[in-house]
Amino acid sequence: MKDYLVIVESPAKAKTIERYLGKKYEVKASMGHVRDLPKSQMGVDVEENFKPKYITIRGKGDVLKDLRKSAKKAKKIYLAADPDREGEAIAWHLAHILNVDENSDCRVVFNEITKDAIKESFKHPRSIDIDLVNAQQARRILDRLVGYNISPILWKKVKKGLSAGRVQSVAMKLIVDREKEIETFEPEEYWSIEAEFLKNETVFEGQFYGENGKKQELKTEADVKEIINKLDKKFTIEKVTKRERKRNPAQPFITSSLQQEAARKLNFRAKKTMMIAQQLYEGIDLGKKSGGITGLITYMRTDSTRISDTAKSEAYDYILEKFGKEYHGGNKPKKNNEGAQDAHEAIRPTSVNRDPKSLKEILSRDQYRLYKLIWERFLASQMAPAVMDTMTVHLFNNNIEFRATGSKVKFKGFMKVYIEGTDDNKKVEEKFLPDLSEGMVVDSKEIVPNQHFTQPPPRYTEARLVRTMEELGIGRPSTYAPTLDTIQRRGYVTLDNKRFIPTELGTIVNELMEEFFPEIIDVDFTVKMEGDLDSIEEGKRNWVSTIDEFYKDFSKRLEKAEKEMEKIEIKDEPAGIDCEECGHPMVYKMGRYGKFLACSNFPDCRNTKPILKEIGVKCPKCEEGNIVERKSKKRRTFYGCDRFPECDFVSWDKPIQRPCPKCESLLVEKKNKKETQVQCTNCDYKEEVQS
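Residue numbering for the sequence shown follows UniProt numbering, beginning at 1 and increasing consecutively.
Below, the structure written as structure tokens:
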């Protein structure tokens, strides 16, 4: 018989922790939450101080039966759910179900699943933090009041199956507002002048800066001609500025920055990033020689960039051994993000000595890629800044100034390991300038005017939207991924080229929210509410009075919406073709994965078809059908014959119209992050595609 029962959330975590704690401990999994508000009703008694009605989650009966059985035999029960609000709430619910005194030292928390961290955490058990529990309860009840009151109104007035969540509605507003900005944007013309200069057979580039010592904008072609007409071939170098510039490494990952960087570098959706990070946190079987199931990263829901002294010390030793003392960044304190809760550390490897290369054969491809990203980011954060030598040359011709800039890496520092990605995928490139000095005269080889037009703001990618929500203070680390998932599942947005576009339905719902529930989608209001929830967590606010304060005005708006919101009929868009089964017109419908074709005679006829996008290429296999773009179950694009299933031709790469000049076989476009190539599917013929 075991003396102690430890309850965690997942079976994978349970196995690892049981091995670390030894024979006296039995570790069981609750499989997440065991109690929640009922799905079939509000579950909140507004008249009784918003008292929640908790019920056992369907399907958890056997889990609870097993936990109760083990609890009766144990001398002591430890509740070891995740170290956040949700984890604290799970522990609190388990304490109530298993009759554990919440004020006893029953709660154990750890930031990483390693032997040392687990054993140390069991030396310092504590009582359940009721402020954390109340913060989670307040958020859950608040979201329930919003969702379960507004959603039925939208069902009646617009369409069944709609929802309006507290955070999702603000995210939706950001996307709709950005689309409006794009639609109303009026491009403005502007010009630039680039020059190529020649110095001893070496060509270098410079750009027009201004005239008579002042920076000047070129708005029209006439402005450009006026400048060019004043220029002759000879330019005098009047000033050369050389300086050393330091570039600091990015801080270790928090939840939002991990989601952003995984989107940029790995093409991961936020939901996928968090799922794989959870696997790395809970533990991977490294084999008996390497310690069995081991947690590879620290807890992945955090807004803190803090790093433990132990991790810093380990990184210091690693950097000294692998790179040398000059590559270590010293022990300067890193500034935390404003408003960060700092509940636990940044996301980092549990041991920097476990380098990605040593785990490549053990991890799945996606696990390896995400672990490598986390490992490199952490190690780089502890390394020395990169040092760049920069040079700016000021060239003059008839009081008209051009400037040429160059830079080269003098000392790589952290860049030897990792460079942070950008939304536009720009890379750090060295720009060479020849040896130039003041008083030199150089010839202009070519002067080229370029016309430009200002561009509208870009649509949100997942990474950009997460960053914006974080900057504005909307939601918290645990809410980003489910929020983005919800607005897509509801059909409020579609993804085109990895960018969010609001659907007609999404725009209509947003307009209704703006008219009847403006505070729900108001950024400032949402940020204030997040602050109030944080204050509850810190024990500075009462959760009941916080919700009551919100509900007084909200209930009045609900009454107004019920009476005044007009019923909106969203008409199906005709597709221009007839149903092959019953002859009625086909229409475009919006589903979970975007638009599809459906018969207008529904429910009598249930014929549906995907919308096929032709690419203008005949099928190379049957030579009768056309190649169309399709989507796999995992939403990955592939290409197939429109005569399927009669013809089973498929290709992950996009076929192109012309045949291979070498063997007459099919040519396809192969893309990677750096380039696009045209390749033959039969022989070794290749050609570069100019971007």
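Even glycine gets a Cβ: it sits at the ideal position worked out from N, Cα and C.
Locate the beta strand (DSSP E) running through residue i, then write down its first and last residues.
i, result
"Ala270", "From DSSP, Ala270 is part of no beta strand (DSSP E) but of the alpha helix (DSSP H) over Ala270 to Glu282."
"Tyr639", "Thr637 to Cys641"
"Glu189", "Glu189 to Lys199"
"Glu578", "The question names Glu, yet the displayed sequence has Asp at residue 578. Counting along the chain, the beta strand (DSSP E) containing Asp578 begins and ends at Glu573 to Asp578."
"Pro11", "No beta strand (DSSP E) contains Pro11, which is instead part of the alpha helix (DSSP H) from Pro11 to Leu21."
"Arg499", "Arg499 to Pro502"
"Pro655", "Lys654 to Pro659"
"Thr494", "Val493 to Asp496"
Using the C-alpha atoms, what's the distance from residue j back to residue i?
i, j, result
"residue 703", "Ile55", "Examination of residue 703 is not possible in this model, given that the chain is present from 1 through 691 alone."
"Gln455", "Ser192", "15 Å"
"Pro477", "Ser256", "6 Å"
"Ala340", "Ser304", "The predicted position of Ala340 is uncertain, since its pLDDT is 46 and thus under 50; a value taken from the coordinates is nonetheless stated next. Rounded to the nearest angstrom, the two C-alpha atoms are 6 Å apart."
"Ala400", "Leu231", "Strictly speaking, residue 400 in this sequence is Ile, with Ala absent from that position. Distance between the alpha carbons of Ile400 and Leu231 is about 8 Å."
"Tyr20", "Lys119", "8 Å"
"Ser10", "Arg68", "17 Å"
"Lys540", "Arg35", "27 Å"
"Phe253", "Lys360", "21 Å"
"Lys271", "Thr494", "16 Å"
"Glu446", "Phe396", "15 Å"
"Leu284", "Phe550", "Note that residue 284 corresponds to Ile in the displayed sequence, not to Leu. So the alpha carbons of these two residues sit roughly 44 Å apart."
"Glu181", "Ile474", "21 Å"
"Ala14", "Ala262", "28 Å"
"Asp342", "Lys563", "The predicted model places Asp342 with a pLDDT of 44, which falls under 50 and marks its position as unreliable; any figure quoted below should be read in that light. Looking at the two C-alpha atoms, the distance is approximately 45 Å."
"Thr390", "Leu218", "27 Å"
"Asn601", "Lys498", "34 Å"
"Pro449", "Gln216", "15 Å"
"Tyr148", "Thr184", "35 Å"
"Leu160", "Arg630", "Here the sequence assigns Lys to residue 160, which means Leu is not the residue at that position. Their backbone Cα atoms lie some 28 Å apart in a straight line."
"Pro249", "Glu326", "15 Å"
"Pro333", "Trp375", "Bear in mind that the predicted position of Pro333 carries a pLDDT of just 45, short of 50, making it unreliable; the figure below should be weighed with that in mind. Approximately 20 Å between the Cα atoms of the pair."
"residue 692", "Lys24", "A query on residue 692 cannot be resolved here, the shown segment of the chain reaching from 1 to 691 and no further."
"Ile508", "Pro585", "25 Å"
"Asp309", "Ser407", "36 Å"
Would you say residue i touches the ligand FMN, meaning its beta carbon is less than 7 Å from a heavy atom?
i, result
"Arg306", "Absence of the ligand FMN is noted for the structure shown, with no ligands found whatsoever."
Taking residue i as part of the alpha helix (DSSP H), name the residues at either end of that continuous run.
i, result
"Gly87", "Arg85 to Ile97"
"Lys528", "Val523 to Glu537"
"Tyr551", "Trp543 to Glu564"
"Lys312", "Asp309 to Lys322"
"Gln382", "No alpha helix (DSSP H) contains Gln382, which DSSP labels as neither H nor E."
"Leu145", "Ile130 to Lys157"
"Ala263", "Thr255 to Leu266"
Quick one: is residue i buried, meaning 16 or more other Cβ sit within 10 Å of its Cβ, or exposed?
i, result
"Pro83", "buried"
"Asp548", "exposed"
"His452", "exposed"
"Lys560", "exposed"
"Thr241", "exposed"
"Thr526", "buried"
"Arg243", "exposed"
"Cys106", "buried"
"Leu5", "buried"
"Cys582", "exposed"
"Leu512", "buried"
"Arg658", "exposed"
"Lys156", "exposed"
"Arg636", "exposed"
"Ile577", "exposed"
"Ile570", "exposed"
Tell me, to the nearest whole angstrom, how far the beta carbon of residue i is from that of residue j; I am working on the premise that it is less than 8 Å.
i, j, result
"Ala171", "Gln136", "Actually they do not touch by this definition, with Cβ atoms about 21 Å apart."
"Ala80", "Val108", "4 Å"
"Ile17", "Leu94", "Their Cβ separation, rounded to whole angstroms, is 16 Å, which puts Ile17 and Leu94 out of contact at 8 Å."
"Ala404", "Phe197", "7 Å"
"Leu174", "Leu465", "7 Å"
"Leu37", "Arg85", "Incorrect: roughly 16 Å between the Cβ atoms, too far for contact."
"Ala380", "Val417", "5 Å"
"Leu162", "Arg490", "6 Å"
"Gln207", "Phe402", "6 Å"
"Trp543", "Asn134", "4 Å"
Is the region 648-665 close to the region 676-686, with three or more CB pairs under 8 Å? yes
Closer than 8 Å is the cut-off here; do at least three beta carbon pairs connect the region 475-492 with the region 110-128? Verdict: no, contact absent.
Per the contact definition of three or more C-beta pairs closer than 8 Å, is the region 38-53 in contact with the region 138-145? yes
May I ask you to verify whether the region 291-301 touches the region 344-353, counting CB pairs closer than 8 Å and requiring at least 3? With the cut-off at 8 Å, the region 291-301 and the region 344-353 touch.
Taking contact to mean at least 3 C-beta pairs separated by less than 8 Å, is the region 494-505 in contact with the region 514-525? no
Per the contact definition of three or more C-beta pairs closer than 8 Å, is the region 213-223 in contact with the region 360-379? no
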